[in-house]
Structure formats: C-alpha cells, structure tokens
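Residue numbers (our numbering): 40 to 197.
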C-alpha cells in the first residue's frame, strides 16, 4: 500500500535528519496533519526514533497531530487583536465548542488554531473560518457565529 507519506518520502532518497522538518512540512501539507503512522514511516526512512520526531515536531507550533475540523477556526492573537479583546474571543469559542485551541471536536466538525497574526488588523479582533473573515468581534457576536456554523450542520442532517 502506497500512502501519501510514502509518496513524500520517495522524494527524499537517502535523506538524513537534516531533512526532517521539510519532510514533516510536506507530509502535513499533503495529509493536513501528521499521523502516528506518518511518524513511524518517517522514523524508519530517516533512521530516527519516533520520540525524536515528536520532540522536533512539538517544538514548532506549525505542526498538528490531529486533522483539522470541517470548520477550522483561526483566532488572531496579534497585537491589535490582543488589545481589542481576542483573549475573550478565544475563550468564548473554546467554551462554545468545548475544545481548546489546537484541538478538534470529537465529531470532526470544528478545530481551533491560534495564530500570531491573520493580517487583518483593521478588523481587530478577527477570526477566520475556512477562509471567511469575521471582524470587529465581541464575545456575543463570536458565539452567534459559532452557533450559525452548528445550525448549518444541523440543517444538513450531519
């Protein structure tokens, strides 16, 4: 069986530890996250123990070990958003979805990611859900946004 990770690894014949980060980046780009199976395959390919791979990957916040939800919510925590209350926005989203930043809901519908800056400072505080920006948020407004996505799923019978 030729997995996507195996396809990535074919582009790195004879690679050493110095190629670990580019391989992890490519696997995540291909699969959306880094699975336990991918870590095992990468370890065998590079001759590196899984614990070392996890050690490197967990050091960088760009790597995820769970798939993103159907609705991936990016919460900006840049300076402008921070000053305008993004900590409260994040807390309200976490409470509404009963998950923390970096997690995916059990049903696979929602995931939350904290980002340093979305680049929409004029809309602060801002979140982005699957590429759709919601700005100048309040705690109540963000709860309504989350609820609208939940209702959208309920309406589709999912």
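Just so it is clear, CB atoms sit at the ideal spot from N, CA and C, and this is done for glycine as well. Given the structure is predicted, the values throughout are model-derived calculations rather than measurements.
Below 8 Å on the Cβ atoms is my guess for residue 168 versus residue 115; work out the distance and round it to an integer in Å.
-> Wrong, their Cβ atoms sit about 12 Å apart, outside the cutoff.
Where residue 40 sits in the DSSP three-state scheme = Interpretation of residue 40 is limited by its pLDDT of 39, a score under 50 that renders its predicted location unreliable; no figure is taken from the coordinates.
In terms of residue numbering, what span does the beta strand (DSSP E) encompassing residue 115 cover?
-> 110 to 115
Between residue 59 and residue 102, which are expected to be in contact by the criterion C-beta below 8 Å, what is the C-beta distance as a whole number of angstroms?
-> Not a contact, Cβ separation roughly 11 Å.
Quick one: grab the DSSP three-state call for residue 157.
-> coil
Should the segment 116 to 127 be regarded as contacting the segment 147 to 166, the criterion being three or more beta carbon pairs within less than 8 Å?
-> yes
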